[in-house]
Amino acid sequence: ETSEGFGPNYSLRNNAYCESCSSCGLIFFQHKMNIAYHHAKYADLYEETMYNALLGSLDYEGKHFYYTNPLTAYSRRAAWHVCPCCVGNIPRTLLMVPTWTYVTGDDGVYVNMYIGSTINVERVVGTDIEMVQETDYPWKGAVTITVNPIQAKRFTVYVRVPDRKTSVLYTSEPALNNLKSLSVNGQAVPMKVDNGYIAITRDWKKGDKINLEIPMVIQQVTADDRLVDNRGRVAFRYGPMIYNVEKADNKDLNLAIGKNPFTLEWRPDLFGGIMTIKGTWADGSPLLAIPNYLRMNRAEAPQEGQQGRQGDRTPGSIIWIKK
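Residue numbering for the sequence shown follows my numbering, beginning at 246 and increasing consecutively.
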């Protein structure tokens, strides 16, 4: 449970190992599965792994990293580790982001990631296609994709519909289904989902625009009761990102959440601008949650590898909060 091995069934402890290189391997594996089966559930998994596990292994400046990533965090990232596999694995995986964003098939191109970018997708039904995305995702759900084939051609663009139900062990409420809207050049497109994609087949030419809106709301996540460590606890997510609470913003991480509704707040003063989740604790004090990948960037804590036993200390950041 805290090493490179398997523990008892359903024993997913919040101080478990979660090595950074495991997130790299999971992303590469899910990408290969997506290529083989053209099912969006694999892209859902590598998107969530990227935003939460892979990005979370690095500090905000990208100069320090975690070797392990327990969900309950006690320490800051370190500049080096005695086993330096992460030093090469993390950057080589991040450099693959353009490769994950689109996948080609026999009849078209699959849009797997929503990232502001200009990427050339080669050899799609006999032509290359420049795909230009404009979006503030994952902070906002609006996405514009400009399709620029070198030659006007008939092919299919498969638009991924993000599915937040990537595991039967966790339930996110409210449930989110399909996109809020989808159009091409201003004309609405039927939103029939097959294998996690909406297929748009037409004669494409330079400048054609796909506009879509991904639903983005605060979701509360609960775990299967067999996951003992998380009984009576809840986590928060927004889009693909899991959130945490940490000492830098909250006076006591051992409190239960309050009954007031939780709201979103854009904070330009934090990490260059992030979407936070605001609420109250049971005692009425303010609760602030930030994306988990940004945890422990501000906390005064020992570096990884310099701390004592986890049971001897108070955590600086947690994901699972008492209900």
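All residues carry an ideal CB built from backbone N, CA and C; glycine is no exception.
(request) Inspect the CB distances between the stretch 418-427 and the stretch 395-403 and report whether three or more fall short of 8 Å. (result) no
(message) Runs of 4 residues minimum, wholly inside the stretch 266-301: which ones carry the alpha helix (DSSP H) assignment?
(response) 285-293
(request) Please report how far the alpha carbon of GLN555 lies from the alpha carbon of GLY252, in whole angstroms. (result) Because the pLDDT of GLN555 is 47, which lies under 50, any placement of that residue in the model is unreliable, and the question is left without a value.
(message) At the level of alpha carbons, what is the spacing between ILE443 and CYS266?
(response) 33 Å
(message) For MET486, list the residues DSSP reports as bridge partners.
(response) TYR483
(request) Look up GLY350 in the DSSP assignment and say whether it is helix, strand or coil. (result) strand
(message) Distance check for ILE280 and ASN259, CA to CA, integer angstroms please.
(response) 32 Å
(message) Restricting to Cα atoms, I'd like to know which of PRO394, LYS277, GLY371 and PRO407 is closest to TRP449.
(response) PRO394
(message) Could you check whether THR346 and ASN357 sit closer than 8 Å to each other, using their CB atoms as the reference points?
(response) yes
(request) Taking only the alpha-carbon atoms, compute the straight-line gap between SER268 and ALA527 and give it to the nearest angstrom. (result) 35 Å
(message) Taking the alpha helix (DSSP H) that VAL332 belongs to, which residues open and close that run?
(response) 330-339
(message) Quick check on ALA397 - is its C-beta less than 8 Å from some C-beta in chain B?
(response) Absent from the structure is chain B; it holds one protein chain and no more.
(request) Would you mind reading off the limits of the beta strand (DSSP E) that contains TYR359? (result) Here TYR359 belongs to no beta strand (DSSP E), and DSSP marks it neither H nor E.
(message) Does the stretch 319-334 come into contact with the stretch 368-377, if we say contact requires no fewer than three beta-carbon pairs (one atom in each stretch) closer than 8 Å?
(response) no
(request) Take every Cβ of the stretch 534-541, pair it with every Cβ of the stretch 484-496, and state whether three or more of those distances are shorter than 8 Å. (result) yes
(message) Below 8 Å on the Cβ atoms is my contact criterion, and I expect CYS328 with TYR311 to pass it. Report the Cβ-Cβ distance as a whole number of Å.
(response) Incorrect: roughly 12 Å between the Cβ atoms, too far for contact.
(request) Count the other CB atoms, across all protein chains shown, that sit within 10 Å of the CB of PRO560; report buried if there are 16 or more and exposed otherwise. (result) buried
(request) Select from TYR355, LYS567 and ASN542 the residue whose C-alpha is nearest the C-alpha of LEU303. (result) ASN542
(request) Inspect the CB distances between the stretch 473-480 and the stretch 402-413 and report whether three or more fall short of 8 Å. (result) no
(message) Out of MET520, THR294, PRO315 and GLN432, which one is the CA nearest neighbour of HIS276?
(response) THR294
(request) Determine the direct distance from the alpha carbon of PRO383 to that of LEU271, and round the result to whole angstroms. (result) 21 Å
(message) If the criterion is Cβ atoms closer than 8 Å, does the pair ILE566 and LEU509 meet it?
(response) no
(request) Below 8 Å CB to CB, which residues in the same chain sit around ASP557 once its five sequence neighbours on both sides are set aside? (result) Bear in mind that the predicted position of ASP557 carries a pLDDT of just 49, short of 50, making it unreliable; the figure below should be weighed with that in mind. Cβ neighbours of ASP557 beyond the five flanking positions: none.
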